[in-house]
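Student: Before I ask anything, let me first share the structure, which is written out below as C-alpha coordinates.
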Amino acid sequence: IDKRRDCPNQASATHVIGDVKGKIAVLVDDMIDTAGTITAAAKVLQDAGASEVYACASHGVLSGPAIERINNSVFKKVIVTDTISVPEKAASCPKLQVVSIASLLAKTIHNIHIGSSVSVLF
(Lines of atoms letter the chains of each structure in order from A and count residues from 1; the text may use other names and numbers.)
(Lines give C-alpha, C1' and ligand atoms only; values in the text may rest on other atoms or scores of the structure.)
Protein backbone atom coordinates (compact mmCIF):
# COMPACT_ATOMS: atom_id res chain seq x y z
CA ILE A 1 0.00 0.00 0.00
CA ASP A 2 1.24 3.47 -0.84
CA LYS A 3 0.52 5.42 2.36
CA ARG A 4 0.90 9.20 2.30
CA ARG A 5 0.67 11.61 5.21
CA ASP A 6 -0.15 15.11 3.99
CA CYS A 7 -0.50 16.54 7.50
CA PRO A 8 -0.36 15.23 11.09
CA ASN A 9 -3.07 12.70 12.03
CA GLN A 10 -4.24 12.35 8.43
CA ALA A 11 -2.94 9.65 6.13
CA SER A 12 -4.30 8.13 2.96
CA ALA A 13 -3.72 4.75 1.37
CA THR A 14 -4.85 4.93 -2.21
CA HIS A 15 -3.21 2.23 -4.27
CA VAL A 16 -1.43 -1.10 -4.05
CA ILE A 17 2.19 -1.55 -5.03
CA GLY A 18 2.48 -5.05 -6.47
CA ASP A 19 0.04 -7.84 -7.25
CA VAL A 20 -2.16 -9.09 -4.41
CA LYS A 21 -4.76 -10.89 -6.49
CA GLY A 22 -5.69 -14.17 -4.78
CA LYS A 23 -3.21 -13.57 -1.96
CA ILE A 24 -3.57 -13.08 1.78
CA ALA A 25 -2.58 -9.52 2.69
CA VAL A 26 -1.26 -8.50 6.09
CA LEU A 27 -1.05 -4.83 7.07
CA VAL A 28 1.48 -4.06 9.81
CA ASP A 29 1.52 -0.73 11.62
CA ASP A 30 2.80 0.74 14.86
CA MET A 31 -0.65 1.68 16.13
CA ILE A 32 -4.32 1.75 15.27
CA ASP A 33 -6.03 4.88 16.58
CA THR A 34 -9.35 5.65 14.86
CA ALA A 35 -8.77 2.85 12.29
CA GLY A 36 -9.69 5.13 9.39
CA THR A 37 -6.51 4.71 7.36
CA ILE A 38 -6.03 1.01 8.02
CA THR A 39 -9.63 0.06 7.19
CA ALA A 40 -9.43 2.14 4.00
CA ALA A 41 -6.18 0.37 3.10
CA ALA A 42 -7.85 -3.01 3.68
CA LYS A 43 -10.63 -2.06 1.26
CA VAL A 44 -8.04 -1.01 -1.34
CA LEU A 45 -6.36 -4.43 -0.97
CA GLN A 46 -9.67 -6.26 -1.28
CA ASP A 47 -10.57 -4.22 -4.37
CA ALA A 48 -7.17 -5.19 -5.82
CA GLY A 49 -8.07 -8.86 -5.42
CA ALA A 50 -6.64 -9.91 -2.05
CA SER A 51 -8.43 -13.05 -0.86
CA GLU A 52 -8.17 -12.11 2.84
CA VAL A 53 -6.89 -9.07 4.71
CA TYR A 54 -5.43 -9.03 8.22
CA ALA A 55 -3.89 -6.27 10.32
CA CYS A 56 -1.34 -6.31 13.12
CA ALA A 57 -0.31 -3.35 15.27
CA SER A 58 1.81 -2.93 18.35
CA HIS A 59 -0.53 -0.47 20.01
CA GLY A 60 -4.32 -0.60 19.90
CA VAL A 61 -5.39 2.92 20.84
CA LEU A 62 -8.81 2.25 19.29
CA SER A 63 -10.33 5.67 19.90
CA GLY A 64 -13.54 7.19 18.58
CA PRO A 65 -15.08 5.13 15.77
CA ALA A 66 -12.28 2.52 15.65
CA ILE A 67 -14.30 -0.48 16.89
CA GLU A 68 -17.22 0.27 14.59
CA ARG A 69 -14.86 0.73 11.64
CA ILE A 70 -13.12 -2.57 12.33
CA ASN A 71 -16.45 -4.38 12.75
CA ASN A 72 -17.67 -2.97 9.42
CA SER A 73 -14.39 -3.54 7.60
CA VAL A 74 -13.20 -6.24 5.23
CA PHE A 75 -10.66 -7.46 7.78
CA LYS A 76 -10.69 -11.13 8.66
CA LYS A 77 -8.80 -10.37 11.90
CA VAL A 78 -7.07 -7.40 13.54
CA ILE A 79 -4.40 -8.21 16.11
CA VAL A 80 -3.00 -5.72 18.64
CA THR A 81 -0.91 -6.13 21.77
CA ASP A 82 -1.71 -5.05 25.30
CA THR A 83 1.01 -2.38 25.51
CA ILE A 84 -1.78 0.04 26.41
CA SER A 85 -5.21 -0.64 27.88
CA VAL A 86 -7.71 -1.58 25.21
CA PRO A 87 -11.11 0.11 25.59
CA GLU A 88 -13.87 -2.06 27.12
CA LYS A 89 -15.97 -1.67 23.97
CA ALA A 90 -13.31 -3.70 22.14
CA ALA A 91 -14.91 -6.83 23.63
CA SER A 92 -17.81 -6.28 21.21
CA CYS A 93 -15.50 -6.64 18.22
CA PRO A 94 -15.20 -10.28 17.09
CA LYS A 95 -12.56 -9.33 14.51
CA LEU A 96 -10.23 -7.92 17.19
CA GLN A 97 -7.71 -10.07 19.05
CA VAL A 98 -5.55 -8.67 21.84
CA VAL A 99 -2.28 -10.52 22.43
CA SER A 100 -0.53 -10.10 25.77
CA ILE A 101 3.16 -9.29 25.71
CA ALA A 102 3.36 -8.73 29.48
CA SER A 103 5.54 -11.78 30.06
CA LEU A 104 7.92 -10.81 27.27
CA LEU A 105 8.25 -7.26 28.60
CA ALA A 106 8.80 -8.55 32.15
CA LYS A 107 11.55 -10.92 30.98
CA THR A 108 13.15 -8.14 28.95
CA ILE A 109 13.19 -5.77 31.92
CA HIS A 110 14.56 -8.54 34.15
CA ASN A 111 17.37 -9.40 31.72
CA ILE A 112 18.34 -5.74 31.37
CA HIS A 113 18.30 -5.35 35.16
CA ILE A 114 20.65 -8.31 35.72
CA GLY A 115 22.89 -7.35 32.80
CA SER A 116 21.90 -10.32 30.66
CA SER A 117 21.23 -10.39 26.93
CA VAL A 118 17.74 -9.67 25.64
CA SER A 119 18.43 -11.22 22.24
CA VAL A 120 17.76 -14.69 23.66
CA LEU A 121 14.15 -13.60 24.24
CA PHE A 122 13.49 -12.89 20.59
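Heads up: the sequence shown begins at 893 in this note's numbering, then just goes up one per residue. C-beta: ideal position from N, C-alpha, C; glycine also.
Check for me: the beta strand (DSSP E) holding LYS969 runs from which residue to which?
Tutor: What you label residue 969 is simply residue 77 of the sequence shown in a count that begins at 1. DSSP places LYS969 in the uninterrupted beta strand (DSSP E) bounded by 969-973.
Student: Quick one: Cα of ILE959 to Cα of HIS907, how far?
Tutor: On the sequence shown, position 67 is the one that residue 959 refers to. On the sequence shown, position 15 is the one that residue 907 refers to. Rounded to the nearest angstrom, the two C-alpha atoms are 24 Å apart.
Student: Where do the N-terminal and C-terminal ends of the beta strand (DSSP E) with SER950 fall, by residue?
Tutor: Numbered from 1 along the sequence shown, position 58 holds the residue referred to as residue 950. It spans 944-952 - the beta strand (DSSP E) in which SER950 sits, taken as one unbroken run.
Student: Straight-line CA distance for LEU919 to ILE930?
Tutor: What you label residue 919 is simply residue 27 of the sequence shown in a count that begins at 1. What you label residue 930 is simply residue 38 of the sequence shown in a count that begins at 1. Between the alpha carbons of LEU919 and ILE930 lies a distance of about 8 Å.
Student: Expressed to the nearest angstrom, what Euclidean distance is found between the alpha-carbon atoms of ILE947 and ALA998?
Tutor: The sequence position of residue 947 within the sequence shown is 55, counting from 1. The sequence position of residue 998 within the sequence shown is 106, counting from 1. In the sequence as presented, Ile is not what sits at residue 947; that position holds Ala. Cα to Cα, the separation comes out at about 25 Å.
Student: Quick one: what does DSSP say ALA917 is sitting in, helix, strand or coil?
Tutor: For the purposes of this step, residue 917 is taken as residue 25 along the sequence shown, with counting starting at 1. ALA917 falls in the strand class under three-state DSSP.
Student: Going by C-alpha distance, which of LYS915, ASP898, ILE962, SER1011 is nearest ILE924?
Tutor: On the sequence shown, position 32 is the one that residue 924 refers to. Nearest of LYS915, ASP898, ILE962, SER1011 to ILE924, Cα basis: ILE962.
Student: Under the DSSP definition of a beta bridge, which residues are partnered with GLN989?
Tutor: Translated into the one-based positions of the sequence shown, residue 989 becomes position 97. GLN989 pairs with ILE971.
Student: Where does ALA940 sit, in a helix, a strand or coil, going by DSSP?
Tutor: Counting from 1 along the sequence shown, the entry for residue 940 is found at position 48. Note: ALA940 maps to coil in three-state DSSP.
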